[in-house]
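Peer 1: Questions regarding the structure given below will be posed in turn.
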Amino acid sequence: MNLSENKSRNLWKGLITVSLFLICQMGFSQSLAYKTLLNTLYDSQFPVLKPEEIQDLSKFQVIDSREKEEFQVSHLKGAIWVGYDSFSLENVKDLDKEKPVLVYCTVGARSQTIGKQLQEAGFSKVYNLYGGIIHWANEENPLYQDDSLTRQVHTYTRTWGIWLQNGEKVY
């Protein structure tokens with residue numbers, strides 16, 4: 155075997171090892187691969203709260219920044235739907251700008267955008283839910299459809315659905 159073939163074989167072995175590690179990690183609710191993905195999506199200057207850091211959800215004004223059909227499948231208790239494509243500050247005119255706001259979406263990208271708009275509009279304590287509704291569900295936190303508990307989670311697309319490990323995927 156020549157040097158080039160040996161390097162190629164070693165590269166493939168390394169890729170296979172890393173791939174197997176990442177696949178094994180997916181069995182846990184917050185895999186290394188998911189954490190890595192989230193780090194590419196989030197602005198490090200925008201505050202996030204992880205589900206395990208939230209002791210009492212009722213202390214927040216909870217805002218769902220997904221589309222209406224996603225919200226109708228399931229949402230966090232007491233969440234107010236504001237949308238993303240249709241978002242307007244008019245949707246949050248009745249909220250208290252001094253009370254903490256927890257905004258979420260599927261993984262946290264859309265909610266970060268909405269959260270920044272809320273900050274610009276004068277909301278003083280805005281947090282993005284780390285990992286979005288997917289991480290919330292993976293950590294076995296309750297989800298609601300209307301007023302009833304559900305295990306269904308709209309994962310936006312099948313691609314994003316690979317990260318949901320605890321719940322019923324809806325697309």
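Note that my numbering numbers the sequence shown so that position 50 is 204, with each residue one more than the last. We put the beta carbon where it would ideally sit given N, CA and C, even for glycine. Note that the structure is a prediction, hence the values are computed from the model and not measured.
Quick check: GLU221 and TYR238, are their CB atoms within less than 8 Å of each other?
Peer 2: Against a cut-off of 8 Å, the Cβ pair of TYR238 and GLU221 comes out as a contact.
Peer 1: Quick one: is THR194 buried, meaning 16 or more other Cβ sit within 10 Å of its Cβ, or exposed?
Peer 2: With fewer than 16 other Cβ atoms within 10 Å, it is exposed.
Peer 1: So, helix, strand or coil for VAL246, using DSSP?
Peer 2: Here VAL246 sits in helix by DSSP.
Peer 1: CA-CA distance, SER212 and GLY232?
Peer 2: Cα to Cα, SER212 sits roughly 8 Å from GLY232.
Peer 1: Rounded to whole angstroms, how far is the Cβ of LEU249 from the Cβ of TYR281, which I believe are closer than 8 Å?
Peer 2: Contact flag wrong, Cβ pair sits at about 14 Å.
Peer 1: Could I get the ranges of all uninterrupted beta strand (DSSP E) runs contained in the region 211-277, with 3 residues as the minimum, in chain order?
Peer 2: Those beta strand (DSSP E) runs which fall completely within the region 211-277 and span 3+ residues are 215-218 and 255-258.
Peer 1: Smallest Cα separation from LYS290: which of ASN245, GLN199 and TRP317?
Peer 2: Strictly speaking, residue 290 in this sequence is Trp, with Lys absent from that position. Among ASN245, GLN199 and TRP317, the Cα nearest to that of TRP290 is on TRP317.
Peer 1: Apart from the five residues on each side of it in sequence, which residues of its chain come closer than 6 Å, Cβ to Cβ, to LEU230?
Peer 2: If we look at LEU230 and ignore the five residues flanking it on each side, its Cβ neighbours are VAL216.
Peer 1: Measure the Cβ-Cβ separation of SER228 and GLN319 and say whether it is below 8 Å.
Peer 2: It is not a contact, given that the beta carbons lie outside the stated cut-off.
Peer 1: Give the range of the beta strand (DSSP E) segment to which LYS323 is assigned.
Peer 2: First-last of the beta strand (DSSP E) with LYS323: 322-324.
Peer 1: Checking the sheet assignment: what are the DSSP bridge partners for HIS308?
Peer 2: HIS308 is bridged to VAL324.
Peer 1: Nearest-angstrom Cα distance between SER198 and LEU192?
Peer 2: Approximately 11 Å between the Cα atoms of the pair.
Peer 1: For GLU322, which residues from the same chain have a beta carbon less than 6 Å from its beta carbon, with the 5 sequence-adjacent residues on both sides left out?
Peer 2: So the list reads ARG305 and GLN306, once near-sequence residues are dropped.
Peer 1: Near PHE241, which residues of its chain fall below 8 Å by C-beta distance, leaving aside the five closest residues on each side in sequence?
Peer 2: Result list for PHE241: SER219, ILE268 and GLN271, in chain order.
Peer 1: For the alpha helix (DSSP H) containing ASN292, name the first residue and the last one.
Peer 2: Unbroken alpha helix (DSSP H) run through ASN292: 286-292.
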